[in-house]
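Report on the structure given below.
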Amino acid sequence: MPLKRKTHNQKNSSSHKYRNNEAKTLEKKEDTNNQLQAGDQIGIDRLSGLPEPIIHDILLSLPLSDAISTKYLSRRWRHCIWPSCPALDFDEYSCPVLYLDEYSFGANYFQYCTGDDENRRRFAKFLLGYLQKQKERRSINHRGIDKFGIRMALLGEESDPVVDGWLNFAVKNNVKELDLRIKRVLYQCFNRYWLGDYVFACRSLTTLHIDNCVVPEDCVFDLPSLKKLTLSDAKITEDVFLHLIRGCPLVEDLCVQFCKRLYTMEVTAPNLKSLKLNITDVDRLYITDVDRLSVRGIVEAKVFSSNLKSLEYSGDVKISFCCWDNLRLAEVKISLDPPMELSSEWFFRLKKLLKGFVKSKVLTLVCPSDQVIIFPGALWQNLLPPLHDLKHLRLEISTLSTTCSAIVDGLIWLFPGLETLTIKSGSINKLIKL
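Residue numbers 1396 to 1829, in the working numbering, belong to the letters of the sequence shown in order.
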């Protein structure tokens, strides 16, 4: 059937309808823009209309004082949004306490002053009151806690129940991250805060940071989800440390520093990827099943691991490592920190340190100057026998003051079995096959 052509009148009618529809669309856009502008002028709350997870992300990006202030925006923010925030982080210094209708910043955690005592009492009172509100509101929304952190100095044991209450509350709400920095004020520094057993039976915990607290001895450690553990100036015995590590089978990141009562440490952790130690009192260190090791301040270290892939050490040459044959697959990196004047004692200790790593896959030495690793010829006779087992050596030198051939001559007597030597300094990156 042949198509009918539109008449002139039909064309004009269609064009007129199109123009009318276009005009109506423009009018709607103008009305919408006018409404938005009017809304901005009268202060319509657009933020509260966002989904709660987005609002929580906004809260977490704000300083705590600003985040707390948002509870005054509306009834919904006060009774629903703020109480259901998944992260709670309280710091006695930066956390504002409502006092006489003004925000007053608290005490200085790092430096004790008797003038801060009243601020600490107000902070403890604030925490106690806010805990009661959290209990009431969380019982309604049933939302868990992703992260809880508290940093405060306790005046005396009268403040302990406040901390106990918060930790118990966080554990019952399946907290995932705990950051606990709790210490006594100066005149009570020897009476540390004792952590409750329930902290070490929190199966939801993935991250735990303990600072200045006591880890109890009569405790069952059951932390099957924990992947990151930090002990800083914590009071913990050797046996308790051993049981704690055994109770964290999935731990990947372990940091232990300034724990003065640890004289012997044994770490057995098949999933451990990073170990950082800064302890001056440790006499013996036993490491088993570790993927990555970084140590500072240890006198003697014994490493037993069939899966060791990387080992890093930074510091003095006083430490000695006993690694035997378990470094054949590992890359070892040592950052040397030499004294201003290099004595014969320095080179004797350096050789003793390097002896523990001669069977590694690759040994990398990071040093400020080439003079640090060029052994003086006058000492060669006293430093015998040489270290035959090292095959691959890398040098990363900040200041190169001699030639590459002079460096080779200064090292080949000590490592006669070397197959490759890589020297990197600034733009120089030279591979020497021996």
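Note that the Cβ used here is the ideal one computed from N, Cα and C, for glycine as well. Predicted, not measured: the structure shown is a model, and the values here were computed from it.
Give the range of the beta strand (DSSP E) segment to which Ser1620 is assigned. Unbroken run through Ser1620: none, as it is neither H nor E.
Apply the 10 Å Cβ neighbour rule to Asn1514 and answer buried if 16 or more other Cβ atoms are within range, or exposed otherwise. buried
Report the three-state DSSP secondary structure of Leu1778 (helix, strand or coil). helix
Let me know the secondary structure DSSP gives Leu1431 once reduced to three states. In this prediction, Leu1431 scores a pLDDT of 42, lower than 50, which makes its location untrustworthy; the coordinate-derived value is nonetheless stated afterwards. Helix.
Three-state class that DSSP yields for Ser1820 in the structure shown: strand
Report yes if the C-beta distance between Pro1619 and Arg1641 is below 9 Å; otherwise report no. Result no, Cβ atoms of Pro1619 and Arg1641 do not sit closer than 9 Å.
When the distance is taken between beta carbons, is Ile1792 closer than 9 Å to Ile1818? yes
My output table needs one value for Gly1551: the three-state DSSP class, helix, strand or coil. coil
Flag this pair as yes or no: are the beta carbons of Ser1709 and Gly1751 separated by less than 9 Å? No. Outside cutoff.
From this set, Gly1539, Phe1770, Val1757 and Gln1766, which residue's C-alpha is nearest Lys1746's C-alpha? Nearest to Lys1746 by C-alpha distance, out of Gly1539, Phe1770, Val1757 and Gln1766, is Phe1770.
Quick check: does the Cβ of Asn1673 come within less than 8 Å of any heavy atom belonging to the ligand FMN? As presented, the structure is devoid of all ligands, the ligand FMN included, so that no description of it is given.
Please go through the same chain and pick out, in chain order, the residues whose beta-carbon is closer than 6 Å to the beta-carbon of Arg1576, but skip the five residues on each side of it. Arg1546 and Asp1606
Coil, strand or helix - Phe1743 by DSSP: helix
Using the Cβ count rule (16 or more neighbours within 10 Å means buried), how would you classify Glu1707? buried
Have a look at Asp1804 and Glu1814 and give me their C-alpha separation to the nearest angstrom. Approximately 14 Å, taken between the alpha carbons.
Which residue's Cα is closest to the Cα of Gly1524: Glu1553, Val1557 and Gly1821? Val1557
Tell me, which residues are paired with Cys1789 by DSSP? In the sequence under discussion, the amino acid at residue 1789 is Arg, which differs from the Cys named in the question. Answer is Thr1759 and Thr1817, bridged to Arg1789.
What is the rounded straight-line gap between the Cα of Ala1565 and the Cα of Phe1616? 17 Å
Quick check on the burial criterion: 16 or more other C-beta atoms within 10 angstroms. Buried or exposed for Asp1511? buried
Neighbourhood of Asp1486 by C-beta, 6 Å cutoff - its chain only, sequence neighbours within 5 removed: Arg1546
Which residue wins for smallest C-alpha separation from Asn1586, given the options Gly1551, Ile1631, Val1635 and Pro1763? Measuring from the Cα of Asn1586, the nearest candidate turns out to be Gly1551.
State the start and end residues of the unbroken beta strand (DSSP E) segment that holds Glu1633. No beta strand (DSSP E) holds Glu1633; the alpha helix (DSSP H) holding it covers Glu1633 to Arg1641.
Quick one: what does DSSP say Trp1561 is sitting in, helix, strand or coil? helix
According to DSSP, which residues form a beta bridge with Val1651? DSSP lists Leu1626 and Leu1672 as partners of Val1651.
Below 8 Å on the Cβ atoms is my guess for Leu1760 versus Leu1731; work out the distance and round it to an integer in Å. Under the criterion of beta carbons closer than 8 Å, Leu1760 and Leu1731 qualify as touching, at roughly 6 Å.
When burial is assigned at 16 or more other CB atoms within 10 Å of the CB, is Phe1810 buried or exposed? buried
When we look at the beta-carbon of Leu1785 and count the other beta-carbons within 10 Å, is it buried (16 or more) or exposed? Counting Cβ neighbours within 10 Å, Leu1785 comes out buried, since at least 16 surround it.
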